[in-house]
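Report on the structure given below.
Numbering (this note's numbering), first residue to last: 3 to 504.
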């Protein structure tokens, strides 16, 4: 199916352009608003940070954004009569996601302290079955509870990666904070499961027997998946997936594992794709604010997370819409709506999240579209036989199963990565030398290699392919170009070689 591949083939270039657009329009305070001219907000700044991460952008812009968040979170959460923007859970939930979006900056001044402040707030303002939209309301907000659970699950992973007993800036200690995070995750998970319907979906409001909501179902699915898939300090599962009580607010109580709940929610989304494939769903939990979810992108992300193939026919219309919403003049994605299309941070965030999910899945396995959304056995990797550096930031590759060479346009950082290894000897380069040439941390190199291989896989139609291969170099880890080996230069096309007869 060409719809997802058309968008993914252009995605690497587009996410880079979107990142440059956002960097050019970063506020003097370090934040962003809904549009490029809007006042900075916690929500939209936290939505921009994953876009920058997807484009391989870090450094000073991210530090400035984190500085904005660390100051804005406690300020915005004050009551309006005290100069704040209201005691909304969304400031905490989105703020936590933004603070954790670039884990390598967790030691940046104020980040660990602001994260602990968010944990304090969530401890103090729990209600039955989750957290409210705004303090003073007894109703649980599925939106905010799902976001809080997702953020807490991410925090648990960061703390496990940092290790026990580590004292962070501001006096935050990893083991102590982790002990407080675990019961909050359990509280949120219990609330989300309580409100789950027998159909496998969630309603658009809690405690009221409403129609199922595609957006709320997706948000809950993603949150529970983050909990169930988290890893501990040694790589072991951080969550014991025992059967738990599910339901109760409507219908009989069932017993399900979290992994089963995720799969069933994914099946509901696929079965009801006609309800969301071009839909922008307003959030009726939010009072006094025109809050919208880009359901077409959010539901694609959730369905793929639950096991659907990105090439499933039931996702085609949504992928086509996302591809068409790219605005080449604004260099950002538009969001559809009653007021007409406009380029927004919100649309960019949802779209990038969906494409990132699809790219990760396609990089892991080749999916056969059998019309059911089930994942088939992975096919063998495409073997890359020839590589050529083209004009601009393009790479031409020839692989088994392709009659002609395929051109893949890359972001500047990914093209630099290819060129560095391209110019190296046949045995490749060590990770340390690649990191030094790219001016990044050695731990970041595997992430860039993964993104490069994902881009090449997408250009080749989604079949797994690896342009850079992990190999030992000088007794340590490193990478070499596919099609080359210690024996020589086999398969390497130098610049311009594609214009000569083969």
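Note that CB positions come from ideal geometry on N, CA and C, so glycine has one too. Note that this is a predicted model, so its numbers are computed, not measured.
Between which two residues does the alpha helix (DSSP H) holding residue 325 run?
The residue labelled residue 325 in the question sits at position 323 within the chain shown. Looking at the DSSP string, the run of the alpha helix (DSSP H) that includes residue 325 is 318 to 326.
Any idea if residue 303 is buried or exposed, counting beta-carbon neighbours within 10 angstroms, 16 or more meaning buried?
The residue labelled residue 303 in the question sits at position 301 within the chain shown. Buried is the call here.
What did DSSP end up calling residue 329 once you bin it into helix, strand or coil?
Against the chain shown, residue 329 aligns to sequence position 327. In this structure, residue 329 counts as strand in the three-state DSSP scheme.
Kindly provide the ranges of any alpha helix (DSSP H) runs that are 4 or more residues long and lie completely inside the region 147 to 200, ordered along the chain.
For the region 147 to 200, whole alpha helix (DSSP H) runs of length 4 or above, ordered along the chain, are 176 to 196.
Applying the 10 Å Cβ sphere with the 16-neighbour rule, what's the burial state of residue 169?
Looking up residue 169 in the chain shown gives position 167. With fewer than 16 Cβ atoms within 10 Å of its Cβ, residue 169 is classed as exposed.
Where do the ends of the alpha helix (DSSP H) carrying residue 87 lie?
Translated into positions along the chain shown, residue 87 becomes position 85. From DSSP, residue 87 is part of no alpha helix (DSSP H); its letter is neither H nor E.
Would you mind reading off the limits of the beta strand (DSSP E) that contains residue 474?
In the chain shown, residue 474 corresponds to position 472, counting from 1. Unbroken beta strand (DSSP E) run through residue 474: 470 to 475.
Counting pairs of beta carbons, one from the region 385 to 392 and one from the region 429 to 441, are three or more of them closer than 8 Å?
Taking 8 Å as the limit for Cβ pairs, the verdict is that the region 429 to 441 does not touch the region 385 to 392.
Work out the CA separation of residue 255 and residue 484 for me, nearest whole Å.
Translated into the one-based positions of the chain shown, residue 484 becomes position 482. Translated into the one-based positions of the chain shown, residue 255 becomes position 253. Using only the alpha carbons, I get a separation of about 53 Å.
CB residue 392 to CB residue 409, shorter than 8 Å?
Residue numbering aside, residue 392 sits at position 390 when the chain shown is read from its first letter. Residue numbering aside, residue 409 sits at position 407 when the chain shown is read from its first letter. It is a contact, given that the beta carbons lie within the stated cut-off.
Taking the C-alpha atoms as reference points, what is the distance between residue 152 and residue 125?
The sequence position of residue 152 within the chain shown is 150, counting from 1. The sequence position of residue 125 within the chain shown is 123, counting from 1. Their backbone Cα atoms lie some 15 Å apart in a straight line.
Assuming the contact rule is C-beta atoms closer than 8 Å, residue 91 and residue 150 should be a hit. Round their C-beta distance to whole Å, please.
As a first step, residue 91 must be located in the chain shown, where it is residue number 89. As a first step, residue 150 must be located in the chain shown, where it is residue number 148. Right, the Cβ-Cβ distance comes to about 7 Å (below 8 Å), so this counts as a contact.
Is residue 416 buried or exposed, if buried means 16 or more other CB atoms sit within 10 Å of its CB?
For the purposes of this step, residue 416 is taken as the residue at position 414 of the chain shown. Label assigned to residue 416: buried.
Given that a residue counts as buried once 16 or more other Cβ atoms are within 10 Å of its Cβ, and exposed if not, what is residue 21?
Numbered from its first residue, the chain shown carries residue 21 at position 19. With 16 or more Cβ atoms within 10 Å of its Cβ, residue 21 is classed as buried.
Any contact between the region 186 to 203 and the region 257 to 271? By contact I mean 3 or more CB pairs, one from each, below 8 Å.
Enough Cβ pairs lie closer than 8 Å, so yes.
Rounding to the nearest angstrom, what Cα-Cα distance links residue 309 and residue 223 in this structure?
Here residue 309 refers to the residue found at position 307 of the chain shown. Here residue 223 refers to the residue found at position 221 of the chain shown. Roughly 12 Å separates the two Cα atoms.
What residue range is occupied by the uninterrupted alpha helix (DSSP H) comprising residue 101?
The sequence position of residue 101 within the chain shown is 99, counting from 1. Unbroken alpha helix (DSSP H) run through residue 101: 91 to 101.
Please report the distance separating the alpha-carbon of residue 146 from that of residue 459.
Indexing the chain shown from 1 puts residue 146 at position 144. Indexing the chain shown from 1 puts residue 459 at position 457. Taking the straight line from one Cα to the other gives about 35 Å.
Measuring alpha carbon to alpha carbon, tell me which of 232, 353 and 103 ends up nearest residue 64.
Taking the first residue of the chain shown as position 1, residue 64 is located at position 62. Nearest C-alpha to residue 64: 103.
By a C-beta neighbour count over all protein chains shown, 10 Å radius and 16 as the cutoff for buried, is residue 466 buried or exposed?
Residue 466 sits at position 464 when you count from the first residue of the chain shown. So residue 466 ends up on the buried side.
Would residue 208 and residue 162 qualify as a contact pair, given that the criterion is a beta-carbon distance under 8 Å?
Numbered from its first residue, the chain shown carries residue 208 at position 206. Numbered from its first residue, the chain shown carries residue 162 at position 160. No, they are not a contact pair.
Could you tell me the alpha carbon to alpha carbon distance between residue 191 and residue 469, rounded to whole angstroms?
Numbered from its first residue, the chain shown carries residue 191 at position 189. Numbered from its first residue, the chain shown carries residue 469 at position 467. Taking the straight line joining both Cα atoms gives about 40 Å.
Quick check for students: name the residue ranges of the beta strand (DSSP E) that lie wholly in the region 217 to 253, counting only runs of 3 or more.
Counting only runs of 3 or more, we get 246 to 248.
From residue 14 to residue 241, what does the alpha carbon distance come to, in whole angstroms?
Numbered from its first residue, the chain shown carries residue 14 at position 12. Numbered from its first residue, the chain shown carries residue 241 at position 239. Using only the alpha carbons, I get a separation of about 33 Å.
Determine the DSSP secondary structure at residue 135, reduced to helix, strand or coil.
Within the chain shown, residue 135 is the residue found at index 133, counting from 1. Reduced to three states, the DSSP call for residue 135 is coil.
Is it a yes or a no for the region 322 to 338 touching the region 272 to 284, going by three-plus beta-carbon pairs under 8 Å?
With the cut-off at 8 Å, the region 322 to 338 and the region 272 to 284 touch.
Leaving out the 5 sequence neighbours to the left and right, which residues in its chain are closer than 7 Å to residue 128 when beta-carbon positions are compared?
Translated into the one-based positions of the chain shown, residue 128 becomes position 126. Excluding residues within five positions, the ones whose Cβ falls inside 7 Å are 189.
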